[in-house]
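Below you'll find the structure, written out as structure tokens, and then a few comments.
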Amino acid sequence: MFLKHLRAPRTLALLLAAPAAALADYHVDILPPASPTAQDAYALHWGVMYVCIAIFIVVFAAMFWSIYKHRRSMGAKAAQFHENTTIEIIWTLVPLIVLVGMAWPATKTMLEMKDASGADMAIKVTAYQWRWEYDYQQDGVRFLSHLATPRSQIDEYNGPGAAKNDNYLLEVDEPMVVPVGKKVRLLITSNDVIHGWYVPQFGVNQYGIPGFVKDAWITVDKPGTYRGQCSQICGKEHGFMPIVVVAKAPEEYAAWVKQMKAKMPAEPAPAPAAEAAPAAAPQGAGEKVAAASAKVDGKGTYDTTCVACHGTGAAGAPKFADKAAWAPRLKQGAAALHDHAIKGKGAMPPKGGNMALSDAAVKAAVDYMAAAAK
Ligand code: HEC
Ligand SMILES: [Cu+2]
């Protein structure tokens, strides 16, 4: 039965033929836990597994022994113990004790997972189609984290594509960084659809739900890199929004905060009144809208929204002022570019993911980017 489920019999043959030393690498287990609640979950996983194995052995041993010992050829007569109160109490109590014995520690762990009180710091995690934003509540650092695997490794329309990286689809341009040994509270939400912040080694798999803020917590005990993925089917690029968390010693973390702060864009200036006008204008005020949108600030929109990807060329976006990257795109003409920026194209989300932007603001940003690439 089990063999039937092996992908290819060849795998089995290889495993059997491999020397024992090589086999040492093939242990079957979940990833090593790296946070207290993950440790508890790991202990529960194996604890419950041992209970299951013990029950399996006892039940099957009793069954096979009974079948063998009381077989018909030995002239066995079936014992009659209908309505035997003693035995009914025993076979109700034993499973009850086993179940409560497992449920008790499981419930304790669940409650512990939900208790983010007394945290040393908080990070607001916002999911977008298809990237993550980390907003450090105390340290004032805020950034987007995108898939870093190049598109050329992903697309296989014309053959197998480029050679894949070791951490293919599990690598980002800007990882979330946390200090080791500190209790970090995560405030998880979403900007569009339901996503899931899932990092197996932390034992955290929390939905990000638009309009709700859910919390979770981690205390990473060892410096290192921990990887995960969005656990909800959140749209066509669902597989392309990995999570990478790097845990650093507190001093290194402080240095990272300083470095990130230097990179942060200045606070955006308050939106000029003209930008609010198109949305507020009543229907039929066509002329006024046109006049207002003419004043929309393309550079301002670019600096607040589009720069996230186009500034560095993250996730396959044509880089700002990179003439070679823009040349073939500019050939499509302004109308097509406007349309693609508003409706989205490939890995580019509609309006760069900022649905609060007016169409005019997006068009102005496209014009600004196009002018810089000419
Ligand atoms: C999440 C990352 C991201 C953000 C934010 C983003 N873009 Fe893009 N953009 C991309 C990617 C990726 C492409 C390449 C899409 C493709 O051709 O498959 C792209 C392509 C474009 C193109 C070329 C489209 C074409 O037809 O070749 C324009 C124009 C553009 N973006 C404008 C904008 C504007 C304006 C903003 C800000 C309002 C913005 N982008 C924000 C990722 C982004
Ligand atoms: Cu998602």
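Per this note's numbering, the very first residue in the sequence shown carries number 1; after that it's consecutive. Glycine included, every Cβ here is placed at the ideal spot set by N, Cα and C. Quick caveat, the model's predicted, so the values are computed rather than measured.
Under DSSP, the beta strand (DSSP E) around residue 225 begins and ends at which residues? 224-230
When you compare the CB positions of residue 334 and residue 372, do they come within less than 8 Å of one another, or not? no
Starting from the Cα of residue 352, find the closest Cα among 55, 81, 105, 305 and give me that residue. 305
To the nearest angstrom, how far is the alpha carbon of residue 260 from that of residue 179? 15 Å
Cβ of residue 194 versus every heavy atom of ligand 4: is any distance shorter than 7 Å? Judged by which ligands are present, ligand 4 is missing from the structure shown, whose ligands are ligand 1 and ligand 2.
Going by DSSP in three states, residue 149 sits in which element: helix, strand or coil? coil
Taking 7 Å as the line, does the beta carbon of residue 153 fall inside it for any heavy atom of ligand 1? no
Using a 10 Å radius around the Cβ and a threshold of 16 neighbouring Cβ atoms, would you call residue 363 buried or exposed? buried
In the DSSP output, what is residue 214 paired with across the bridge? 188
For residue 354, does the three-state DSSP call read helix, strand or coil? coil
Option in 251, 248, 228 with minimal Cα separation from residue 377: Lying outside 1 to 374, the shown extent of the chain, residue 377 is not represented and no answer is given.
N- and C-terminal bounds of the alpha helix (DSSP H) containing residue 131: Residue 131 -> not in any alpha helix (DSSP H); beta strand (DSSP E) instead, spanning 131-136.
Mind the definition here: the region 214-222 touches the region 188-204 only if three or more C-beta pairs lie below 8 Å; say whether that holds. yes
DSSP three-state assignment for residue 360, whether helix, strand or coil: helix
Please report how far the alpha carbon of residue 255 lies from the alpha carbon of residue 248, in whole angstroms. 10 Å
Candidates 313, 315, 314, 321: which alpha carbon is nearest residue 299's? 321
Under 8 Å by Cβ, that's how I've got residue 117 and residue 134 pegged, so tell me the actual separation to the nearest angstrom. So it is not a contact: roughly 21 Å between Cβ atoms.
Through-space distance from residue 140 to residue 123, alpha-carbon basis: 10 Å
Considering only heavy atoms of ligand 1, does any lie closer than 7 Å to the CB of residue 227? no
By how many angstroms is the C-alpha of residue 120 removed from the C-alpha of residue 183? 5 Å
Going by beta carbon distance, what residues of the same chain come within less than 7 Å of residue 148, once the five residues before and after it are set aside? 171, 172, 173
Could you give the DSSP three-state label for residue 194: helix, strand or coil? coil
Near residue 209, what residues of its chain come up, given a Cβ to Cβ distance below 8 Å and the 5 sequence neighbours on each side ignored? 189, 190, 194
Quick one: measure Cβ to Cβ for residue 246 and residue 186, integer angstroms, because I've assumed they're closer than 8 Å. Rounded, the Cβ-Cβ distance is 15 Å, inconsistent with contact.
Name the DSSP bridge partner or partners of residue 122? 185
Keeping to the same chain, check which residues put their C-beta closer than 7 Å to that of residue 131; ignore five residues upstream and five downstream. 144, 145, 146, 241
Work out the CA separation of residue 71 and residue 78 for me, nearest whole Å. 10 Å
Does the distance from the C-beta atom of residue 196 to that of residue 231 stay below 8 Å? yes
Taking just the CA atoms, how far does residue 325 sit from residue 167? 26 Å
Quick one: Cα of residue 92 to Cα of residue 59, how far? 15 Å
Compute the Euclidean distance between the alpha carbons of residue 199 and residue 236, then round it to the nearest angstrom. 21 Å
Extent of the continuous beta strand (DSSP E) to which residue 179 belongs: 176-179
Is the Cβ-Cβ distance between residue 312 and residue 323 less than 8 Å? no
Is the beta carbon of residue 355 within less than 7 Å of some heavy atom of ligand 1? no
For residue 71, which of helix, strand or coil comes out of DSSP? coil
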